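Residue numbers (the working numbering): 1 to 145. Think of the CB as a built atom: it goes at the ideal place given N, C-alpha and C, for glycine as much as any other residue. In this text the structure is predicted, and so the values were computed from the model without any measurement. What follows is one structure encoded as structure tokens, with my remarks underneath.
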């Protein structure tokens, strides 16, 4: 099957395994510790009528060992294409613009806060399903389109 078995001889030897580990470390210098944020609940379903305001909340947990400031941004959520990959867009007349939430939240190490938000449903909106996502990012979020 293989004309040259040199690769298998290198792997079988202890120094060859050490060499492979060293090469792996040098070829992946971008590996960094994971930055983590936990949100609960991950999905919220609300219903209301035109003209109503609905108050809800998200629990945000900083699972890191350092203080972090997270910036919020709200985008309209759409299923894209036939494969259903999510698309996040800014749409001026949709649910993303009906949501009011603090623009930033600062959390100490392993601290949690409850982040309230308000959905103000405008008068005259058509019945149906509207979908949005709240992003918490560090640094400042960029526009998605």
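Proximity to residue i [Cα-Cα], best of the options
i, options, result
"residue 59", "36, 41, 133, 69", "41"
"residue 61", "115, 122, 95, 89", "115"
"residue 53", "100, 77, 44", "100"
"residue 90", "134, 113, 109", "134"
"residue 87", "37, 138, 139, 131", "131"
"residue 129", "111, 110, 112, 79", "79"
"residue 55", "117, 112, 111", "117"
"residue 38", "120, 125, 139, 110", "110"
Delimiting residues of the beta strand (DSSP E) encompassing residue i
i, result
"residue 104", "104-107"
"residue 46", "Careful: residue 46 lies outside any beta strand (DSSP E) and carries neither H nor E."
"residue 132", "132-137"
"residue 146", "Nothing about residue 146 can be reported from this structure: the residues present for the chain run from 1 to 145 only."
"residue 101", "99-101"
"residue 86", "85-89"
Local Cβ density within 10 Å of residue i, reported as buried at 16 or more and exposed below that
i, result
"residue 85", "exposed"
"residue 104", "exposed"
"residue 136", "buried"
"residue 147", "No answer is possible for residue 147: it lies beyond the span of the chain, which begins at 1 and ends at 145."
"residue 49", "exposed"
"residue 65", "exposed"
"residue 106", "exposed"
"residue 72", "buried"
"residue 74", "buried"
"residue 127", "exposed"
"residue 76", "buried"
"residue 138", "exposed"
Residue i - DSSP class collapsed to helix/strand/coil
i, result
"residue 65", "coil"
"residue 79", "strand"
"residue 94", "coil"
"residue 36", "coil"
"residue 74", "strand"
"residue 42", "coil"
"residue 125", "coil"
beta-carbon residue i near the ligand MN non-hydrogen atom, thresh 8 Å
i, result
"residue 107", "The ligand content of the structure shown is nil, which means the ligand MN is not present either."
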